[in-house]
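Numbering (the numbering used here), first residue to last: 191 to 501.
Cβ coordinates follow ideal geometry from the N, Cα and C atoms, glycine included.
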Ligand SMILES: [Zn+2]
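In structure tokens:
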């Protein structure tokens, strides 16, 4: 049977409801799923995301933080975890556990040859969540957890997270910086929230690579920076598995940032990452939805990304 692209999602991911007018809305997931349900994507292998576990979460997060989040989930309304940015609603716990379960199941699938690659259509996003705190709409860091799960459960010596969300993934960087077997590379707008991701932040053993992009950065400049800075470093590091933090807020339509990418750029970078994964990682890629706050940019970018994953 032809190797296929598997999609994990779950209706529980609609039930994280940060509140009226919050940009990280349930509608984000709806537009991604709608885009992936068109006939072009009929070959996708749809699966329900399982629930993640405490043990998986604690691969990255402190036990105290796990307990604090689980105890803070309200019975009604919302409670803030990080100023007003990151909210918990009654359904948030199930949603974040589906995010973690999907990401770890995706790792198992590509390691065991059950899927060629995997896209996790889940929310909320995760890459700002640090080991001991929520930040920037993110509660737990499913991409970092997935990479740690791959490293721990399959004894992989080199696992990489590549992050093309327009924001720097401070949470993934914080978790990985002391761990030489995990590599994190991010291209992101700078200056922009959360303010980290300078070139000088390189981790314990050059296992962190930051490629800041100026506001207004267009397709040509983006591709140049990725081609010249990010891809050679990733290839040299020779990951045995690739996790993608796939945010689509670098799209020119996005209201929260100022880059000028178009759908084709997300297709392009996905293909470039697949070429490296084919050479060093037997093609193993688990991609996880991060940000993206314009309906059109999110749907178009995610469709372009998955189109590339399907080959
Ligand atoms: Zn973002």
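- Closest in alpha carbon position to residue 347, among 493, 431, 295, 313, is 431.
- Rounded to the nearest angstrom, the gap between the Cα atoms of residue 370 and residue 363 is 12 Å.
- For residue 441, the secondary structure class from DSSP, reduced to helix, strand or coil, is strand.
- In this structure, the C-beta of residue 480 approaches ligand 1 to less than 8 Å from one of its heavy atoms.
- By a beta-carbon distance limit of 8 Å, residue 299 contacts residue 305. Their separation comes to about 4 Å.
- Taking the Cβ atoms as the reference, residue 453 lies roughly 16 Å from residue 483, outside the contact range of under 8 Å.
- Less than 9 Å divides the Cβ of residue 357 from the Cβ of residue 326.
- Within the segment 299-378, the complete alpha helix (DSSP H) segments at least 4 residues long are 332-343, 360-366, listed from N- to C-terminus.
- In this structure, the C-beta of residue 385 stays at least 8 Å away from each heavy atom of ligand 1.
- Judged by their CB atoms, residue 374 and residue 323 are not nearer to each other than the 9 Å cut-off.
- Among the bridge pairs identified by DSSP, residue 283 is matched with none.
- For residue 277, the enclosing beta strand (DSSP E) has its first and last residue at 276-278.
- Under the three-state reduction of DSSP output, residue 263 falls in the coil class, being neither helix nor strand.
- The segment 410-456 contains, as complete beta strand (DSSP E) runs of 3+ residues, the segments 431-436 (chain order).
- Comparing C-alpha distances from residue 288 to each of 311, 267, 268 shows the shortest one belongs to 311.
- At the C-beta level, residue 309 and residue 197 come within 9 Å of one another.
- Under a 10 Å Cβ-count criterion, residue 477 is classified as buried, with 16 or more other Cβ atoms of the shown protein chains found around its own Cβ.
- For residue 224, the enclosing alpha helix (DSSP H) begins and ends at 216-226.
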